[in-house]
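Residue numbers (our numbering): 8 to 221. All C-beta atoms in this analysis are idealised placements derived from N, C-alpha and C, irrespective of residue type, glycine included.
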Amino acid sequence: MTYAYKLMDSPVGQLKLVARGERLAAILWENDKPNRVRLGEVTHDDDRPILREAERQLNEYFAGKRQTFDLALDFQGTEFQKKVWAALLTIPFGQTRTYAQIAAQIGNINAVRAVGAANGRNPISIVAPCHRVIGASGELTGFAGGLANKMLLLSLEAGQTSLEAGVDRRTLAVKGPVKETVKPADKADNADKRPRPAPAPAPARELQTSLFDD
Numbered sequence: 008m009t010y011a012y013k014l015m016d017s018p019v020g021q022l023k024l025v026a027r028g029e030r031l032a033a034i035l036w037e038n039d040k041p042n043r044v045r046l047g048e049v050t051h052d053d054d055r056p057i058l059r060e061a062e063r064q065l066n067e068y069f070a071g072k073r074q075t076f077d078l079a080l081d082f083q084g085t086e087f088q089k090k091v092w093a094a095l096l097t098i099p100f101g102q103t104r105t106y107a108q109i110a111a112q113i114g115n116i117n118a119v120r121a122v123g124a125a126n127g128r129n130p131i132s133i134v135a136p137c138h139r140v141i142g143a144s145g146e147l148t149g150f151a152g153g154l155a156n157k158m159l160l161l162s163l164e165a166g167q168t169s170l171e172a173g174v175d176r177r178t179l180a181v182k183g184p185v186k187e188t189v190k191p192a193d194k195a196d197n198a199d200k201r202p203r204p205a206p207a208p209a210p211a212r213e214l215q216t217s218l219f220d221d
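Below you can see the structure in the form of structure tokens.
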């Protein structure tokens, strides 16, 4: 069976949505490695219903209007990889898991490295949320879409930022979410007219830490 694809512009770069029949088989990143996800012959098809529906749901997700996806999926991989990818689908929106936790969930606590490898080859990015898997100490680890995009997706799900088309992803990744710089009490205090210096941008590590302080 041949694969069909359509391209989608998104706040995290151009995404390549791929279908096998009437199921979603892959969501590939703009700069994805050619051999990370192995597919058969792929033809362009903007009108495939599953691809149009995937694009619609992804746009809702980026707009902060969707937390779960309702799409028919077609994972192609080894049985071990499919177990890992199925485990990814169980991670709730706004939460994270470690590689060790995923290994325990699939019943193989000694397979942490293998879980990491399978996570890196997850073909259906975002929908199967491999971005929600982090290191044991809370650090962001390798991600096919790049660490800046991983941080942005986690920030979106933590309610710390919103993603819109055309956003400067690099600026958000460095500065962190925009915060209120004037307290409500200060707004009502018209007597003090002295200008207040703007706070320094939050470093990326501060944003990263805030995401995982549960």
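- For the pair of segments examined, the stretch 153-167 was found not to touch the stretch 116-128: the number of CB pairs separated by less than 8 Å stays below three.
- Look at residue 15 here: in three-state DSSP terms it is strand.
- Around the beta carbon of residue 152, a 10 Å sphere encloses 16 or more other beta carbons of the protein chains shown; the residue is thus reported as buried.
- Ranked by Cα distance from residue 47, the options 33, 55, 37 and 38 are led by 33.
- In this chain, the alpha helix (DSSP H) harbouring residue 57 covers 56-69.
- Three or more Cβ pairs closer than 8 Å define a contact, and the stretch 97-109 falls short of that threshold against the stretch 54-66.
- Separation of the CB atoms of residue 139 and residue 104 is rounded to 6 Å, and the pair is thereby assigned contact status at 8 Å.
- By the CB criterion at 8 Å, residue 24 and residue 40 fall outside the cutoff.
- Bounds of any alpha helix (DSSP H) do not take in residue 134, whose DSSP letter is neither H nor E.
- Rounded to whole angstroms, the separation of the alpha carbons of residue 87 and residue 27 is 21 Å.
- Taking C-alpha positions only, residue 43 is separated from residue 122 by approximately 15 Å.
- The Cβ atoms of residue 57 and residue 35 do not sit closer than 8 Å to each other.
- Ranked by Cα distance from residue 38, the options 101, 166, 150 and 163 are led by 150.
- Ranking 54, 51, 60 and 100 by CA distance to the CA of residue 75 puts 100 first.
- The DSSP-derived three-state label of residue 143 is coil.
- For residue 34, the enclosing beta strand (DSSP E) has its first and last residue at 30-35.
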